[in-house]
Amino acid sequence: MKTMRIIKNIFALSAILLLLSSCAGKPPMSESDAVLNMQQRNKDLLNIKNWQLNGQATIKTKDKKQSVNIVWIQNQDKLYMLLSSFGTTYLSVKSDKNNAIATTNKGEKIKAKNAQDLVYKITGFKIPLQKLKLWLFALTHQNDKYSFNEAGDIDKISNNKYQAELSDWTQVDNIPMPMFVRLKSGDLSIVFDIDEWIFNKPKPKTKKRIPLMGI
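According to the working numbering, the sequence shown is numbered sequentially starting from 4.
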């Protein structure tokens, strides 16, 4: 009887251990594997010439805070952006290599030599749009520092002026993409809460055909 009890206890313990091992999460990815995954992901992203982001953007400083719904469409070097609030589009932006122009919902046009200067002209915020596009894709500049989360996705990117935090990763056309990005620089904070990524979408031909997903 004693032997049978011991055998039963061993089987019970084995069953518990198997159950615990099946419930346990995956072990953290090693940094070397994470780097390899990042390199492959970067190669995949090189094939993305046209993309669209739908979501919300919030800009905070010491003195003010502004939140908008955003549709950001990038077609190679051409940028299209719609900003709205409470269902009303109040600003559309177009830019290419030569110039940038914003149109308000009242028909007023504001021009600048590029999108970054245009944003500064309208908002007073100096936002590094070229780097922002990289960080939204979780791509790093050569001087950037970065770290990985346990799943092997980049969770932080920084340089001597900006810090970016990335989270809520999901698969988009078999490519891991962040759905939440926070950029900080001193008192300036920019948060992107992304609803949807769309890759290689054809450029809209008219304003009426620009999709307003996420607005």
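Don't be surprised by glycine CBs; every beta carbon is placed ideally from N, CA and C.
Sixteen is the threshold: when 16 or more other Cβ atoms of the shown chains lie within 10 Å of the Cβ of asparagine 57, as they do, the residue is buried. Taken in chain order, the whole beta strand (DSSP E) runs of length 3 or more contained in the stretch 37 to 72 are 53 to 63. Rounded to the nearest whole angstrom, the CA to CA distance from glutamine 166 to lysine 109 is 36 Å.
Between the alpha carbons of aspartate 147 and tryptophan 172 lies a gap of roughly 20 Å. The bridge partners DSSP lists for aspartate 196 are Gln59, Phe183. Taking a cut-off of 8 Å on C-beta distances, the stretch 97 to 104 touches the stretch 70 to 86, as three or more cross pairs fall below it.
DSSP lists Ile76, Lys97 as the bridge partner or partners of tyrosine 83. Distance from glutamine 119 to leucine 137 at the Cβ level is roughly 14 Å; contact not present, criterion being Cβ atoms closer than 8 Å. Look at leucine 142 here: in three-state DSSP terms it is coil, with no helix or strand label. Within the same chain, and ignoring the five residues on either side of arginine 44 in sequence, the residues whose Cβ sits closer than 7 Å to its Cβ are Ile178, Pro179. Assignment of aspartate 171 by DSSP, reduced to helix, strand and coil, places it in the strand class. The Cβ atoms of glutamate 168 and methionine 32 do not sit closer than 8 Å to each other. According to the DSSP assignment, alanine 105 belongs to the beta strand (DSSP E) that extends over 103 to 107. Within the same chain, and ignoring the five residues on either side of serine 88 in sequence, the residues whose Cβ sits closer than 7 Å to its Cβ are Val71, Asn72.
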